[in-house]
Amino acid sequence: LAVKLETLRDLPAETTCGCRITMLGNIEFPSEVQQCDERGADGIGLYRTEFLYLGRDDDPPEEAHFAAYSEVAREMHGKPVVMRTLDLGADKMRTLPDPEDERNPFLGLRSIRLALKNRDMFRVQLRAILRASAHGQIKLMFPLVSTMLELRQAKMVLADAMEDLEEAGIPFDRNIPVGMMVEVPSAVIMMDRFAEESDFFSIGTNDLIQYCLAVDRSNKDVASLYTAADPAVIRLIDMAVQTAKRFDRPISMCGQMCGNPLYTMLLLGIGLRTLSVTPSAIPEVKRVCRSVSIEQCERVAEQVRALETARDVKTYLKEELSRVF
Ligand code: PEP
Ligand code: MG
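All residue numbers for the sequence shown refer to the UniProt record's numbering, where the first residue is 251 and numbers rise by one.
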């Protein structure tokens, strides 16, 4: 099987009916670009930039950001790279968390909320991403957006950074696409409005599952409830994809759900055509894409829409997948 997966590298993720699926990689470190390349990724769908902040007490300087981002941009040789702005807090702490600080860190000051409270730090990162956009095809993405005001505020900080660079004559891509993650149910509920102000969307199921089902993603005592197979989660994803399509906005998925081949048919059937997965999962997901037709996937999605429990969804999807290979 390993050899067979290897040969998949240079083959497109194309369904039997000729529909081309875009397979992107998720990375945390610039060194992982190579793994994406080795597995034939069409680009990077999620560059988690937190590593720059972790394990240090001070804020990384703009040049440290720029060195990392421009390296990734250059090494991708014109393929798209979605850079996500800092997603610190909750599961991604800079130093050991003080339990007194926040009772519910996942509902607290994390991610874009933290960035908007630390605008100087945020601006430094945005400047570096903008500067890197002169060296490749960069898209910028805000994490954990839960209200329209947050998106507007983040875009205002970005506009400020753009103006500063322009003033200083520093090159950057003026038309850099600016998108947001869909990982809070409120973002799905308000998606028709977000579609007017966001250039693209990426569904983050790791967080969407926990906020949809009220299940801490890192708590093993409730881990059995935490599953992408839950019909409520699938409905949210379905809603997000249909709304984005209605408003002609590109939408992809970058949560772990789409790196699991069990869900590939369902996700294609719902209408997703761009999947961003951990590099090691690219060959297997690609293999499923190359073995199915969209019509077949749409039938799978239709069957799943009628199911009521995560267990039924998993059983059904396992059965369908076993029929493919
Ligand atoms: C997600 O929430 O699905 C996601 C991709 O972001 P992270 O896992 O970094 O929170
Ligand atoms: Mg997330």
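Positions of the beta carbon are idealized from the N, C-alpha and C atoms, including for glycine. On a predicted model such as this, the values are computed, not experimentally measured, just so you know.
- With respect to M391, M333 sits close: the two C-beta atoms are nearer than 8 Å.
- In this structure D260 is exposed. Its beta-carbon is surrounded by fewer than 16 other beta-carbon atoms within 10 angstroms.
- Where R259 is concerned, there is no enclosing alpha helix (DSSP H), because DSSP gives it neither an H nor an E.
- Judged by DSSP secondary structure, Y476 falls outside any beta strand (DSSP E); it is assigned neither H nor E.
- Where I520 is concerned, the enclosing alpha helix (DSSP H) starts and stops at T514 to I520.
- Relative to R344, the option among R443, L486 and D307 whose CA is nearest is D307.
- Within the region 258 to 331, the runs of alpha helix (DSSP H) at least 4 residues long that lie entirely inside it are, in chain order, 283 to 288 and 312 to 325.
- If only complete runs of 4 or more residues are kept, the region 398 to 446 shows the alpha helix (DSSP H) at 398 to 418 and 435 to 439, in order along the chain.
- Each residue's CA atom was taken as its position, placing L567 and Y513 some 7 Å apart.
- DSSP, reduced to helix, strand and coil, places S396 outside both helices and strands of the structure shown, so it counts as coil.
- Straight-line measurement puts the Cα of R402 at about 11 Å from the Cα of M430.
- If you draw a 10 Å sphere on the C-beta of M406, you find fewer than 16 other C-beta atoms in it, and that means exposed.
- Here the region 285 to 295 does not lie against the region 545 to 557, with fewer than 3 beta-carbon pairs under 8 Å apart.
- Within the DSSP bridge table, the entry for M333 names Y297 and L390 as partners.
- Burial of G339 is indicated by the presence of at least 16 other C-beta atoms within 10 angstroms of its C-beta.
- Taking a C-beta distance under 8 Å as the contact criterion, P355 and E321 do not qualify as a contact pair.
- Straight through space, the alpha carbons of G519 and E288 are spaced by roughly 28 Å.
- Between I271 and R573, the C-beta gap is not smaller than 8 Å, which leaves the two residues out of contact.
- Looking at the DSSP output, G339 sits in a beta bridge with K342.
- At a threshold of 7 Å, N354 does not count as near the ligand MG, since its beta carbon sits no closer than that to any of the ligand's heavy atoms.
- DSSP, reduced to helix, strand and coil, places T524 within a strand of the structure shown.
- Exposed is the label assigned to T257, since fewer than 16 other Cβ atoms lie within 10 Å of its Cβ.
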